[in-house]
Amino acid sequence: MQNKRKEKVLGFLLLAILIITNYSTCSLQGFRFGISLSYGEFYDISSEDIIGRKDRVSWSFSNVETFAKIQVRMYDSENYEKLVNGDSDIQSFSLSSGYDRSGTWTPYYDDVWYIVFMHRDTDYKEQTTFIIEVIFSNQRYTDRLLASVIVIPSVSAIVIVILTIILDYRYKSKKLPSYP
């Protein structure tokens with residue numbers, strides 16, 4: 012009877028460890044859809060959360076109907092605001108320019124980043140349609156994996172030992188004969 016109780020407690024703790032570890036490893040934010048841009052227009056997607064040197068931005072695009080060259084650039088939040096406001100003093104990171112491209116980019120510092128797809132092809136000024144895919148991989152959660160792998164099992168082991176000692180003590184104290 013006592014062993015079944017121990018097995019249930021151990022099973023519950025193991026399940027809790029697995030759930031916590033699973034939800035604390037990585038954060039992914041992905042997008043995939045088709046867009047149309049006229050000459051001079053751009054489309055942006057934000058990382059929403061702060062990402063930095065440990066993180067990755069994976070992206071791709073492919074033309075569907077036309078053959079306009081698309082520029083892909085990354086902007087930090089300050090320079091993205093400048094882009095939106097039409098300022099000319101803008102710093103960005105050029106990722107690609109072409110018809111069908113893909114890549115992975117690592118931010119140089121922590122910020123909210125914007126990946127921007129631009130139709131600036133002077134040889135093809137018609138509207139163009141293409142499919143984009145962007146994945147922001149936030150590794151800050153992965154850094155917690157080490158803590159999850161070491162701290163949570165260690166604390167769980169301590170709790171299991173303490174519970175086992177308490178349950179054994181209670182079980183043994185109930186078996187002792189009482190003297191009048």
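Letter by letter, the sequence shown follows residues 12 to 191 of the working numbering. Glycine included, every Cβ here is placed at the ideal spot set by N, Cα and C.
| Item | Value |
| --- | --- |
| Residue range of the beta strand (DSSP E) that includes Tyr120 | Unbroken run through Tyr120: none, as it is neither H nor E. |
| Sub-8 angstroms separation of Tyr125 and Ser47 beta-carbons | no |
| Residues near Glu52 in its chain [Cβ-Cβ closer than 8 angstroms; skip 5 each side] | Met129, His130 |
| Separation of Ile169 from Phe141, as counted between CA atoms | 56 angstroms |
| Sequence-distant residues of the same chain with beta carbon closer than 6 angstroms to Thr115, five excluded per side | Arg67, Ser69 |
| 6 angstroms Cβ shell around Tyr50 - same chain, five flanking residues per side excluded | His130, Lys136 |
| Closest Cα partner of Thr117 within the set Phe42, Ile176, Tyr86 | Tyr86 |
| Exposed unless 16 or more other CB atoms sit within 10 angstroms - verdict on Asp98 | exposed |
| Span separating the alpha-carbon of Tyr110 from that of Asp55 | 18 angstroms |
| Which listed residue (Phe72, Lys65, Leu106, Asn90) has its alpha carbon closest to that of Phe44 | Phe72 |
| Residues that Ser47 bridges to, as DSSP identifies them | Thr140 |
| Close-in-space but distant-in-sequence residues of the same chain around Lys80 (CB under 7 angstroms, 5 per side omitted) | Ser108, Gly109, Tyr110, Asp132 |
| Option in Val127, Asp134, Thr139, Tyr91 with minimal Cα separation from Val145 | Val127 |
| Where Ile101 sits in the DSSP three-state scheme | coil |
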